[in-house]
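Step one of this worksheet: look at the structure below.
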Amino acid sequence: MPPFRLLSLPLAACASFVFASSSHAQVPADTLARIKETRAITLGVREAARPFSFLNEQKQPVGYSVDLCLAVVDEIKRTLKLPDLAVSYKVVSGAERIPKLETGEIDLECGSTTNTKARQEKVAFSYTVFVAGIRVLVPKGTKVESVKDLGGLPVALSKGTTSEKLFTQLNVSEVKMQLTTFASNVEAYQALKEGKVRAFPQDDSLLLGLASHDNALDRLDLSSVVLSVEPYAIMMRKGDTALGAVVDRTLSRLYAGGEINTIYRKWFTTERMNLQMSRLTRDSFTRPNKEAGVAMLLGYSL
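In numbering that gives the first Met the number 0, the protein residues as written are 0 to 301.
Following this line, the structure appears as structure tokens:
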């Protein structure tokens, strides 16, 4: 299939920055009811998924998705009349996020998680909060106009991601690559910088976040080919309808009132990063939806 070009992709309430360390013995059937009883909620965050969810220099969780989740927390406070609701954070990796949600260690996952049909079998998603696409980060001057250009090259993958799943499928029948899976985006990115691999496929927004923060865009480049549409959403336990209604009500208010534009600019138009809002992302705010992500190559799934 010829390369598919996607259109250019593009304070919250205070809370106690105490990281949750204990897990729930049993997953509650109704998270909102449990929150009302315990007066506490645990948000799952990422260590380095800039600019969506990451730890700042003070080791505090911040980012676009974290701000959206804190807006949800404010709505929960109003709904349950709990002004003193305690907010805890737990850092989760890409591979851990769904298991820790299922076991009750976190109540909402506030990161950079793509809504996919495969994941919908295990968890529930909010309205789309951002739309990204899988592209490939390579050293400057490396031409990648299709996946076939990666043939024979050492390629880094990040464990538990849609890019790992897609490229593992592509490696079977589409093109033979030397795939190495790393525990996190940071480790995969480091391998690329050190020359251990020649390419790192991942969501373009995350790749830009890594390279922009590292001031490495003069040495690294994104491929022109886009291999997927990746709608990000806040993740919840499957069947958690009461909490889901609060989450979606919060997002609908942010979208309809235009507050989402301020939150977007705060994280995506900075001194180091300038990612204008894409048409697909803006459409998701205009017409809130929960559509699953898709791979551009027919026959391959996310």
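We put the beta carbon where it would ideally sit given N, CA and C, even for glycine.
Contact between E229 and I133 holds, with the beta-carbon distance rounding to 7 Å and staying under 8 Å. In the three-state DSSP reduction, G256 falls in the helix class (H, G or I). The C-alpha of V143 lies about 12 Å from the C-alpha of L226. Taken atom to atom, the span from the alpha-carbon of L84 to that of L107 is near 15 Å. Judged by DSSP in its simplified three-state form, A39 adopts strand. When beta bridges are read from the DSSP output, A232 appears opposite T127. If you check the CB distance, V154 and L191 do not come in under 7 Å. The distance from the Cβ of L301 to that of A117 is about 7 Å, consistent with a contact at the 8 Å cut-off. Counting along the chain, no beta strand (DSSP E) covers I105, and no H or E run does either. DSSP lists V137 as the beta-bridge partner residues of D220. In chain order, C68, Y88, L107, C109 place their CB closer than 6 Å to the CB of L42, counting only its own chain and leaving out the 5 sequence neighbours on each side.
Excluding sequence positions up to five before and after G159, its CB lies within less than 6 Å of the CB of G93, A94, all in the same chain and listed in chain order.
When DSSP assignments are scanned along the stretch 50–98, the uninterrupted stretches of alpha helix (DSSP H) that are 4 or more residues long and fall wholly within it turn out to be 63–79.
The residue from F129, S183, H212 with its alpha-carbon nearest to that of F199 is S183. Of all alpha-carbon atoms in L216, M272, V130, D220, the one lying nearest the alpha-carbon of K289 is that of V130. Nearest in C-alpha terms to V174, of all of F181, T180, F166, is F166. For A155, the enclosing beta strand (DSSP E) stretches over residues 153–157. In this structure, S162 is the residue among T30, V72, S162, S52 with its C-alpha nearest to the C-alpha of L296.
In this structure, V72 sits near V86, with a CB-CB distance shorter than 7 Å. Within a 10 Å sphere around the beta-carbon of S251 sit fewer than 16 other beta-carbons, which makes this residue exposed. Scanning V246, K147, F284, D213 for the CA closest to the CA of G257 turns up F284. Rounded to the nearest angstrom, the gap between the Cα atoms of V128 and E186 is 26 Å. Between the alpha carbons of T30 and L81 lies a gap of roughly 15 Å.
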